[in-house]
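full-length UniProt numbering numbers the first residue of the sequence shown as 1 and each following residue consecutively. Positions of the beta carbon are idealized from the N, C-alpha and C atoms, including for glycine.
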Amino acid sequence: ATVVGQFKGGWHVEYSKFVDSDGKALREKVLSHRLRHVPLFPANFNPGPGARVEGYLHDCWWPGEVVEQHHRKGFRLCFDDGDNAWLVRRNVRPMLRRAPPRGGW
1 ATVVGQFKGG WHVEYSKFVD SDGKALREKV LSHRLRHVPL FPANFNPGPG ARVEGYLHDC
61 WWPGEVVEQH HRKGFRLCFD DGDNAWLVRR NVRPMLRRAP PRGGW
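Below, the structure written as structure tokens:
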């Protein structure tokens with residue numbers, strides 16, 4: 001999502017991959033404490049078992065933990081909701097931190 005505006009207590013964001021019924025980019029209000037920045041992490045990021053990560057599955061990033069790593073299958077994640085999935089490296093990223101409170105930038 002991209003921040004496109006501000007309101008008292010939060011931000012207006014626009015999603016590039018999600019559209020409304022008219023085909024326009026979906027926009028919504030997000031409270032400041034829920035906003036997260038785009039991570040900067042090394043290209044050689046290689047999490048091991050036990051690492052807290054996010055996995056890209058079904059068009060969304062979901063929090064979870066690396067359970068297993070396989071040289072061909074990739075990473076097996078156990079998501080916070082209890083589901084498990086094997087994901088390739090490009091669909092695994094470090095767990096993102098939330099943005100600091102307003103005025104804390």
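* Starting from PHE75, follow its DSSP beta bridges and name the residues at the other end. => Here residue 75 is taken as the residue at index 75 of the sequence shown, counted from 1. Partner(s): GLN69 and LEU87.
* In angstroms with no decimal places, state the Cα-to-Cα distance between MET95 and ARG52. => Taking the first residue of the sequence shown as position 1, residue 95 is located at position 95. Taking the first residue of the sequence shown as position 1, residue 52 is located at position 52. If you draw a straight line from the Cα of MET95 to the Cα of ARG52, it comes to about 6 Å.
* Asked: Mapping DSSP to helix, strand and coil, what is GLU58?
  -> Here residue 58 refers to the residue found at position 58 of the sequence shown. The question names Glu, but residue 58 is His in the sequence shown. In this structure, HIS58 counts as coil in the three-state DSSP scheme.
* Using only the heavy atoms of the ligand HEM, determine whether one of them is closer than 6 Å to the beta carbon of TRP86. => Ligands in the displayed structure: none, and consequently the ligand HEM is not present.
* So, are the CB atoms of ARG93 and GLU54 less than 7 Å apart? -> Numbered from its first residue, the sequence shown carries residue 93 at position 93. Numbered from its first residue, the sequence shown carries residue 54 at position 54. Yes; because the gap between Cβ atoms is below 7 Å, this pair is in contact.
* Got a sec, what are the start and stop residues for the beta strand (DSSP E) PRO94 sits in? -> Position 94 of the sequence shown, counted from the first residue, corresponds to residue 94. First-last of the beta strand (DSSP E) with PRO94: 92-94.
* Asked: Shortest alpha-carbon distance to ASP80 belongs to which of PHE18, ARG34, VAL67 and GLY5?
  -> Indexing the sequence shown from 1 puts residue 80 at position 80. Comparing Cα positions, the closest option is VAL67.
* To do: Could you check the C-alpha separation between ARG34 and LEU57 for me, to the nearest Å?
  => Counted from its first residue, the sequence shown places residue 34 at position 34. Counted from its first residue, the sequence shown places residue 57 at position 57. Between ARG34 and LEU57, the C-alpha separation is close to 20 Å.
* At which residues does the beta strand (DSSP E) containing LYS8 begin and terminate? -> Working through the sequence shown from its first residue, we reach residue 8 at position 8. No beta strand (DSSP E) holds LYS8; DSSP gives it neither H nor E.
* Under 8 Å by Cβ, that's how I've got LEU26 and TYR15 pegged, so tell me the actual separation to the nearest angstrom. => Stepping through the sequence shown from its first residue, residue 26 is reached at position 26. Stepping through the sequence shown from its first residue, residue 15 is reached at position 15. The Cβ separation is near 5 Å, so the contact holds.
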